[in-house]
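Each remark here refers to the structure printed beneath this line.
Protein chains: 2
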Amino acid sequence: MAARAVVLLSGGLDSATTLAIAQAEGFDCAALSFRYGQRHAVELQSAARVAAAFGVGDHRVVDIDLRAFGGSALTADIAVPKDRADAEIAGGIPITYVPARNTIMLSFALAFAEVLEAGDIFIGVNAVDYSGYPDCRPEYIAAFAAMANLATKAGVEGRTLRVHTPLIALTKAEIIRRGVALGVDYGLTLSCYDPTAAGIACGHCDSCRLRLNGFAAAGLVDPARYA
Amino acid sequence: MAARAVVLLSGGLDSATTLAIAQAEGFDCAALSFRYGQRHAVELQSAARVAAAFGVGDHRVVDIDLRAFGGSALTADIAVPKDRADAEIAGGIPITYVPARNTIMLSFALAFAEVLEAGDIFIGVNAVDYSGYPDCRPEYIAAFAAMANLATKAGVEGRTLRVHTPLIALTKAEIIRRGVALGVDYGLTLSCYDPTAAGIACGHCDSCRLRLNGFAAAGLVDPARYA
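Residue numbers (this note's numbering), protein chains in the order written: chain Z, 1 to 227; chain D, 1001 to 1227.
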């Protein structure tokens, strides 16, 4: 029987690629998504489509309310920045940063893994394009895994929990090439921070720009719909 | 101006004492509670009463859904054990353990602390009475703090986040004596795993037994209501 893994699945390009990689490595994958007060709830529809396309039998959506704390353009009433220069996107901690988001999501993944008795968690964080997010760095992920192994029954009983970040050192073009090679249909995914209710991407937010630049660098055409 | 701290407040004896200690140490405390599918939602009323009694101006309640994963007598349809022997309470990982609960709650506290620019989090975990819970051990708390300092803007900017566990090495009797000395009204708190809707404790679950034994050992009478 294949080992079980929990894959964090947002419905975006990175997490869809991460799911494809986890399956290619032989894991029996369960997927975990969040309804976290994001402006763009259509991304959950993308997550469901991606999970179905990969034949994931166990896809759970957990409600969490990050709006209780405010503080990010993705959950609060702050404008999503558009058409920023690449240097601006790369520098500093962006307004789209949600406080402790990866820590909260990984914590739920840890609970899910414990219930499933899964020893592996996959998360599509990336330290190249998202260098401004403290919780996308390899040293953060290593510290989370160390904590997780002290937090749970599995750790106490001597099993080791691993946190896999297969995209962490890849450029967006490399991620896309890898996903295409694994058969990911990127037309099912949604990366935009500010899409229409029908799931059409804006083409101008940081996330759309990184994605479009990545497809261009990979010499491929993005099958997603843009306004 | 006093330094701000986030205190995890369940409405039980331990977290009320922790809040009293944090205030006595001079912190301006915000409180954080969770509606997490617990059977005993009356504990949130206790949390609100405790917060009001201590003059906490900012008390937030965050909805999280741990029932999505099942697995514990506190959130799933599993009977809460009653009248267990002390040795049984002390040994192994109990059925009332909720997978990754402290990790999830501390992660939300981390988000709240980041928004408040608070550098201190207080949690009333205890490694004496709850030796079976992996996420109540000092080495777990230290690992969480190490992770937290890599997860956030504060850590990147060189500020240090501290996780305080003032009860971790105290017996229940010592916790009660400390709280009484600090003016905690334990009649406001609720520790029972299986209370009535009116907030009357059962007196027979592990938590009630630990509490009643603690008051007896401290030579004090528990002002809480029991069935």
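Backbone N, C-alpha and C define an ideal beta-carbon position, used for all residues, glycine too.
Here the structure is a predicted model, which is why all the values come from computation and not from measurement.
Would you identify the three-state DSSP class for residue i, choosing helix, strand or coil?
i: Z/C205; result: strand
i: D/F1122; result: strand
i: Z/A3; result: coil
i: Z/I104; result: helix
i: Z/L32; result: strand
i: D/D1014; result: helix
i: D/I1175; result: helix
i: Z/L8; result: strand
i: D/V1056; result: coil
i: D/V1163; result: strand
i: Z/I141; result: helix
i: D/V1156; result: helix
i: Z/R211; result: helix
i: D/Y1133; result: coil
i: D/V1042; result: helix
i: Z/Y193; result: coil
i: D/V1050; result: helix
i: D/V1061; result: strand
i: D/A1073; result: Its pLDDT being 48, under 50, D/A1073 is placed unreliably by the model, and nothing is read from it.
Are the C-beta of residue i and some C-beta of chain Z separated by less than 8 Å?
i: D/P1223; result: no
i: D/V1128; result: no
i: D/A1031; result: no
i: D/L1044; result: no
i: D/F1144; result: yes
i: D/F1069; result: yes
i: D/R1137; result: yes
i: D/Y1140; result: yes
i: D/L1066; result: yes
i: D/A1073; result: Reliability of the predicted coordinates at D/A1073 is poor, the pLDDT of 48 falling under 50, and the value obtained from them is presented with this limitation in mind. No, D/A1073 does not count as interfacial toward chain Z.
From this set, the options, which residue's C-alpha is nearest residue i's C-alpha?
i: Z/A216; options: Z/E43, Z/D135, Z/N149 and Z/E174; result: Z/E174
i: D/L1008; options: D/L1106, D/D1135 and D/L1210; result: D/L1106
i: Z/A24; options: Z/E157, Z/T171 and Z/P166; result: Z/P166
i: Z/F27; options: Z/A118, Z/T189, Z/R101 and Z/S10; result: Z/A118
i: D/R1035; options: D/A1143, D/P1223 and D/F1108; result: D/F1108
i: D/F1144; options: D/K1153, D/V1156, D/I1121 and D/L1188; result: D/I1121
i: D/E1114; options: D/G1187, D/V1180 and D/R1159; result: D/R1159
i: Z/A100; options: D/A1030, D/M1001 and D/L1161; result: D/L1161
i: D/I1021; options: D/H1204, D/L1182 and D/D1206; result: D/L1182
i: Z/A48; options: Z/M1, Z/G219, Z/L19 and Z/R225; result: Z/L19
i: Z/C29; options: Z/L44, Z/I64, Z/V56 and Z/A41; result: Z/V56
i: D/V1042; options: D/V1221, D/P1195, D/L1066 and D/R1225; result: D/P1195
i: D/G1124; options: D/A1169, D/K1153 and D/A1052; result: D/A1169
i: Z/A146; options: Z/V221, Z/A53, Z/P223 and Z/L110; result: Z/L110
i: D/D1222; options: D/G1187, D/H1204 and D/A1198; result: D/G1187
i: Z/I104; options: D/L1032, D/F1069, D/V1180 and D/A1151; result: D/A1151
i: Z/Q45; options: Z/G199, Z/V62 and Z/N102; result: Z/G199
i: D/V1163; options: D/A1142, D/V1156, D/R1178 and D/K1153; result: D/A1142
i: Z/P138; options: Z/K172, Z/N102 and Z/V156; result: Z/N102
i: D/A1224; options: D/R1060, D/Y1133 and D/D1185; result: D/D1185
i: D/A1218; options: D/H1204, D/A1201, D/G1179 and D/C1205; result: D/G1179
i: D/G1203; options: D/D1058, D/D1083 and D/A1053; result: D/D1083
i: Z/S10; options: Z/R60, Z/C205 and Z/A3; result: Z/R60
Does any C-beta atom of chain D lie closer than 8 Å to the C-beta of residue i?
i: Z/V62; result: yes
i: Z/A235; result: Past the boundaries of the shown model lies residue 235 of chain Z; chain Z is included only from 1 to 227, so the question cannot be answered.
i: Z/Y36; result: no
i: Z/I104; result: yes
i: Z/Y147; result: In the sequence under discussion, the amino acid at residue 147 of chain Z is Met, which differs from the Tyr named in the question. Yes - at least one Cβ of chain D is within 8 Å of the one on Z/M147.
i: Z/S107; result: yes
i: Z/L9; result: no
(request) Quick one: which residues of the region 150 to 166 of chain Z get their C-beta closer than 8 Å to a C-beta of chain D? List them in chain order. (result) Those would be L150, A151, T152, K153, G155 and V156, in chain order.
(request) Note down, in chain order, all residues in the region 1109 to 1122 of chain D with a beta-carbon under 8 Å from any beta-carbon belonging to chain Z. (result) Cβ contacts with chain Z: L1110, A1111, F1112, E1114 and V1115.
(request) Could you list the residues in the region 166 to 186 of chain Z with a C-beta less than 8 Å from some C-beta on chain D, going in chain order? (result) The region 166 to 186 of chain Z vs chain D, Cβ under 8 Å: nothing.
(request) State whether the region 1120 to 1131 of chain D contacts the region 1004 to 1019 of chain D, with contact taken as three or more CB pairs (one from each stretch) at a distance under 8 Å. (result) Because the criterion of three Cβ pairs below 8 Å is met, the region 1120 to 1131 of chain D and the region 1004 to 1019 of chain D touch.
(request) Could you tell me whether the region 180 to 193 of chain Z touches the region 202 to 216 of chain Z, using the rule of 3 or more Cβ pairs below 8 Å? (result) Verdict: yes, contact present.
(request) Using a Cβ-Cβ cut-off of less than 7 Å, list which residues of the region 188 to 222 of chain Z approach chain D; keep chain order. (result) Those residues of the region 188 to 222 of chain Z placed with their C-beta closer than 7 Å to a C-beta in chain D do not exist.
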